[in-house]
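Using my numbering, the letters of the sequence shown correspond one by one to residues 5 to 454.
Glycine included, C-beta positions come from ideal geometry on N, C-alpha and C.
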Amino acid sequence: MSSQHKRRVFTRSATLIMAAALIGTGLVACSSGDGGSTGGAASADAIDAALEKGGTITYWTWTPSAEAQVAAFEDAYPNVDVKLVDTAGAGDNNLKLQNAITAGSGAPDVVQLEYQSIPQFALPGSLVDLTDYGFGDLKDLYTPGPWNAVAGTGPIYGLPQDSGPMALFYNKDVFDEYGLDVPTTWEEYIAGAEKLKEEAPEKIYVNDTGDAGMATSLIWQAGGRPFSSEGTDVTIDLTDEGTQKWADTWGELIEKDLVGDIAGWTDEWFSALSDDTIATLTTGAWMPGVFEASAPDGSGKWRVAPMPTYDGGEAVNAENGGSAQVVVEQSKNKDLAAGFLRWLNSDEASIKVFLESGGFPGTVADLQSDEFKGYESEYFGGQKINEVLVAGAESVSTGWQYLPWQSYANSIYAETAGQAYLNKTDLTAALDDWAKANVKYGNEQGYTVK
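Here's what the structure looks like:
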């Protein structure tokens, strides 16, 4: 199960590294496709006809389960040939796709995109709106967070592949040794960090060097909605109530020097997860696979709990990570591409293959299955971790939007907002620097940003 999750997590960093290469593409990268269905009007019937007729499409992805999924699809639809291209990771994938769109040729028919990257390609018109293909009828198959990511602005730009509802992962051995309670509120979380620092200053209760993906997810969980877009009009407001609620909490941790600074996804970080140095981690539901693969010596020590809340009341959660598949406007056979996509992320045979590779599903039926929820993880001390993770998926709040250039925004987080982490200074002021940099960039790319 490990390889898929491990690769997906590392691609989050790769996206940031490659984002700078996308500077300057902006709205001029809009595809010149005709926007229509190959065989006429887009419809569910057009999909069925295309699948029966057959043809060839190209699929770009970095999902390790893709080869087995494509083989299963071709068994079901022998007249269709899917040319599979492994793009290695989200960063390389996005750069290649942007280059093909800009050139006007060479793009795939179907491509995997992280949720945060969908607006980057959707708003300039480079993705097909799948509404007329009847994809809206599939809404109830998916949990709210992933569905909102592909259809939150009205048009339906894809189907969710997986989900990443957040959870609190904590080292039970450390908690037991130092008498720490599992926090149910962020106030208790801060108190736990203070207690561990006082009793064992060599330990790290919370580790964060300024991860933009974590920040945006935690802002989402706090009720913040700092980004909104309608066409080319974009609003950035990092002073909204929810964002400030998170900034006050995280800022207190930073200014009290309670935040560790081990770079994430490094050998040192994995060792710290294994040897009891790091005590907690707030991240997505895909993390168990990463623990098993890359922090094997932590086996038996870790447990999973719901995310802390701000008021101790009803659970409120957010997504962290995950991806979908979309149809590219440049496709010459949109009907067939839509048919493959529909099968890929809604057919039971395909989803079974994906889950067998360790994916955390975005589909309600699979999340609610007794087998999935009843799984007892040896790594997590026999805990039925999916019960916690599924509850987290059910409490994800809706209405979140990413920036159309979120990958770039994430890439400049460290040099703007991240300075607060480095210098133990005011996080709110640092967020203002991030906002100003994004307003400037968005306007340079042809958006109207306020």
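Buried versus exposed, by CB contacts within 10 Å (16 or more), residue i
i: residue 267; result: exposed
i: residue 444; result: exposed
i: residue 183; result: exposed
i: residue 109; result: exposed
i: residue 219; result: buried
i: residue 95; result: buried
i: residue 100; result: buried
i: residue 215; result: buried
i: residue 60; result: exposed
i: residue 422; result: buried
i: residue 307; result: buried
i: residue 372; result: exposed
i: residue 287; result: buried
i: residue 212; result: buried
i: residue 67; result: buried
i: residue 433; result: exposed
i: residue 296; result: buried
i: residue 336; result: exposed
i: residue 305; result: buried
i: residue 317; result: exposed
Proximity below 7 Å, CB of residue i to CB of residue j
i: residue 299; j: residue 277; result: yes
i: residue 169; j: residue 397; result: yes
i: residue 65; j: residue 366; result: no
i: residue 339; j: residue 50; result: yes
i: residue 3; j: residue 165; result: Past the edges of the chain, shown from 5 to 454, lies residue 3, and the structure says nothing about it.
i: residue 263; j: residue 186; result: no
i: residue 402; j: residue 152; result: yes
i: residue 364; j: residue 289; result: yes
i: residue 221; j: residue 324; result: yes
i: residue 293; j: residue 362; result: yes
i: residue 172; j: residue 311; result: yes
i: residue 390; j: residue 379; result: yes
i: residue 189; j: residue 313; result: yes
i: residue 137; j: residue 46; result: yes
i: residue 149; j: residue 167; result: yes
i: residue 76; j: residue 353; result: yes
Own chain, CB closer than 6 Å to residue i, minus 5 neighbours either side, in chain order
i: residue 459; result: Any question about residue 459 goes unanswered here, given that the chain covers just 5 to 454.
i: residue 34; result: Here the model assigns residue 34 a pLDDT of 40, short of 50, so the residue's position is not dependable, and the following value carries that caveat. These residues qualify, in order along the chain: 128 and 129.
i: residue 453; result: 238, 443, 446 and 447
i: residue 178; result: 280 and 283
i: residue 58; result: 83 and 84
i: residue 81; result: 55
i: residue 404; result: 224
i: residue 437; result: 420
i: residue 27; result: Note that residue 27 scores a pLDDT of 42, beneath 50, so its modelled location is shaky; the value from the coordinates is reported in the next line. None.
i: residue 247; result: 223, 228 and 230
i: residue 242; result: 230, 435 and 439
i: residue 451; result: 236 and 238
i: residue 104; result: 110 and 111
Residue range of the alpha helix (DSSP H) that includes residue i
i: residue 348; result: 338 to 350
i: residue 436; result: 431 to 448
i: residue 371; result: 368 to 371
i: residue 190; result: 190 to 203
i: residue 152; result: 148 to 155
i: residue 178; result: 176 to 181
Close Cβ partners of residue i (< 8 Å) along its chain, the five nearest in sequence each way excluded
i: residue 145; result: 350, 367, 368 and 369
i: residue 331; result: 113, 114, 131, 132, 134, 162, 338, 341, 342 and 345
i: residue 375; result: none
i: residue 122; result: 131, 153, 154, 161, 162, 328, 330 and 406
i: residue 244; result: 228, 229 and 230
i: residue 319; result: 310, 311, 313, 395, 396 and 399
i: residue 249; result: 226, 227, 228 and 314
Contacts around residue i, its chain only, beta-carbon distance under 7 Å, and the 5 residues preceding and following it disregarded
i: residue 258; result: 424, 425, 428 and 431
i: residue 39; result: Because the pLDDT at residue 39 is just 38, under 50, the model does not fix this residue reliably, and the value given afterwards should be weighed accordingly. So the list reads 333, once near-sequence residues are dropped.
i: residue 204; result: 182
i: residue 256; result: 194
i: residue 240; result: 230, 231, 439, 442, 443 and 453
i: residue 62; result: 87, 89, 112 and 113
i: residue 200; result: 182, 184, 207, 209 and 283
i: residue 392; result: 171, 308, 309 and 310
i: residue 251; result: 431, 432 and 435
Limits of the beta strand (DSSP E) - the one that residue i falls within
i: residue 224; result: No beta strand (DSSP E) contains residue 224, which is instead part of the alpha helix (DSSP H) from 216 to 225.
i: residue 234; result: 231 to 234
i: residue 61; result: 59 to 65
i: residue 330; result: 327 to 331
Contact test: residue i Cβ vs the ligand ZN heavy atom, cutoff 6 Å
i: residue 122; result: No copy of the ligand ZN appears in this structure; indeed no ligand is present at all.
Legend entry - 4-residue-minimum alpha helix (DSSP H) runs that sit fully inside the segment 78 to 143, ordered along the chain: 94 to 107 and 122 to 126
Inset, instruction - Kindly provide the ranges of any beta strand (DSSP E) runs that are 3 or more residues long and lie completely inside the segment 240 to 308, ordered along the chain. - result: 284 to 288
Legend entry - Within the segment 368 to 422, ranges of the alpha helix (DSSP H) (whole runs, at least 4 residues): 368 to 371, 374 to 377, 389 to 398 and 410 to 415
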